[in-house]
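Note sheet for the following structure.
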Amino acid sequence: MTDLNVLDWGKNNVLAIGLGSSVFLWNANNGSVNHLTDMGSEEEYVASLSWAANGKYLAVGSSDSAIQLWDVAKERRIRVIRSHSDRIGVMAWNSHTLASGSRDASIHNHDVRMSSHCVAQYVHHKLEVCSLKWSPDGTKLASGSNDNLVCLWPSGSGILEPQTVLAGHQAAVKAVSWCPWRSNLLATGGGSNDRCIKLWNVSLGKCVESIETQSQVSSLAWNRESKEIISSHGNPKNHLAVWKCSTMCKVGEITGHQGRILQMSLSPRKSSVATLSADETLRVWKCFDQPPEKSADSSRKSLREDSISALIRNAP
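For the working numbering, add 30 to where a residue sits in the sequence shown, where the first one is 1.
The structure is reproduced here in C-alpha cells:
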C-alpha cells in the first residue's frame, strides 16, 4: 500500500477510502459510512482514489489498470477508462482532465468528455509513478516516482517530455504539493533512504531548501491561513509534523499512530487532515485554525475516529 493513494477528501466533505477491493465513503458532516463499490474480483484491489473538484465525481483506479468514474450522489458507475498496462496508483484532476500515473512508469491525461479519452502521454520516469499534483493554475503537472525523480509537465496533448526534471532525492518521491500562494514553489518529500522535504523554485529548476526530517515522508499539504506545511511520516516516527513556511522550522508534532502513516489528505476547509496508517487505523486530526468567520476552535486534536476506525478494522 506504500505506493498507493487510497484516501481523498472531496469538496463535498466526504472522505473516500479504499480498503482492499472496496471503496467506502465517510461523511465528515454526520459521521455516516457508506459502501460505494467493490472491484471485480477478490484479486483486484483499489489502487487510487481522486475526487473531481466539484465533489460530484470520484475516480477509482484499480490494480488491473482500469479507471472507474462514479457519480457518487447517484451511486452509479458512469464510465470505465483503460489505457495503462499496469496498476494505477495515483490520479489527479484538472477541470475535465484526469491525469493517471501507473506502475508501467507512464502518465496519461484523459479528457473524460471524449470517447477517445487519452489526449496526452508523459514519458520519462523509469519506475512506478507514485505522486501527481496539478499546479493551482492548472498549467503544470508535478510527478514523483520510485526512480527518485520529480518531473514537471505541461498541460498539452500528444506524447510529451518533461519541461523540467528535479533530481536530488535519494528515495522514492511519494509526496508532492504546490504552494497555493506562490505559483513557482513546489514541496516534495522522499522515502526511507532520503527522509527530506525539499522546496523547489520551479522557475529556476533549483532546490531552495532541504530539511532532514528523520523519517520517510509520505504526504505534504500547505495551509494558506497560517503559512505552514504539514507532513506525514512513516518509520521511525510515524507522526505528523507542522513547519513554518518562512523558516522551515518545526513548530509542532502530532502523534498517535503505532505504525507508519501511509497517506494524508487535507479537508476541504483546510483545517483538518485524515491519516491512514499501517497500524490499521484511520484518524482525523484538527491541525489548523479555520478563518474566524468559520470557526474559533484552534485546538489540535483527534476527532470522530470511532466510525472510520471501526470501518478499517472490520474490512475484509
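Cβ coordinates follow ideal geometry from the N, Cα and C atoms, glycine included. Nothing here was measured: the structure is a model prediction, and the numbers come from that model.
For Asp224, no beta strand (DSSP E) run applies, since DSSP gives it neither H nor E.
When C-alpha distances from Ala83 are compared across Val314, Ser307, Ser297, Ser301, the shortest belongs to Ser297. In the three-state reduction of the DSSP assignment, Asn231 falls in the strand class, which pools E and B. For His65, the enclosing beta strand (DSSP E) begins and ends at 63 to 68. When Cβ pairs closer than 8 Å are counted between the two stretches, the stretch 281 to 295 is seen not to touch the stretch 230 to 242, the count staying below three.
The straight-line gap separating the alpha-carbon atoms of Tyr152 and Asn139 is approximately 8 Å. Distance from the Cα of Leu162 is smallest, within the candidate group Asn59, Val281, Leu79, for Leu79. Per DSSP, Gln98 is one residue of the beta strand (DSSP E) stretching across 96 to 101. Residue environment: His199 is assigned as buried (16 or more neighbouring CB atoms within 10 Å of its CB, all protein chains considered). About 15 Å separates the beta carbons of Trp100 and Leu45, which is beyond the 8 Å limit, so they are not a contact pair.
In the same chain as Tyr75, and ignoring 5 residues on each side of it, the C-beta atoms closer than 8 Å to its own belong to Gly48, Gly50, Ser51, Met69, Ser92, Ser93, in chain order. DSSP, reduced to helix, strand and coil, places Ser165 outside both helices and strands of the structure shown, so it counts as coil. By the C-beta density criterion, Leu306 is buried, having at least 16 other C-beta atoms within 10 angstroms. Listed in chain order, the non-local C-beta contacts of Gly40 below 6 Å within the same chain comprise Trp81, Gly85, local neighbours out to five positions each way being set aside.
Nearest C-alpha to Ser276 among Glu310, Trp211, Arg299, Asp116: Trp211. Under DSSP, the beta-bridge partners assigned to Glu283 are Ala271. In the three-state reduction of the DSSP assignment, Tyr87 falls in the strand class, which pools E and B. Under DSSP, Glu242 forms a beta bridge with Cys226.
For His126, the closest alpha carbon among the candidates Ala89, Phe54, Thr194 is that of Ala89. Excluding its 5 nearest sequence neighbours in each direction, Ala103 has C-beta neighbours in its own chain below 8 Å: Lys86, listed in chain order. Setting aside the 5 residues that flank it on each side, Ser145 has no residue in the same chain whose C-beta is closer than 7 Å to its C-beta. The beta-bridge partner set that DSSP reports for Ser302 consists of Lys316. Where Gly48 is concerned, the enclosing beta strand (DSSP E) starts and stops at 44 to 49.
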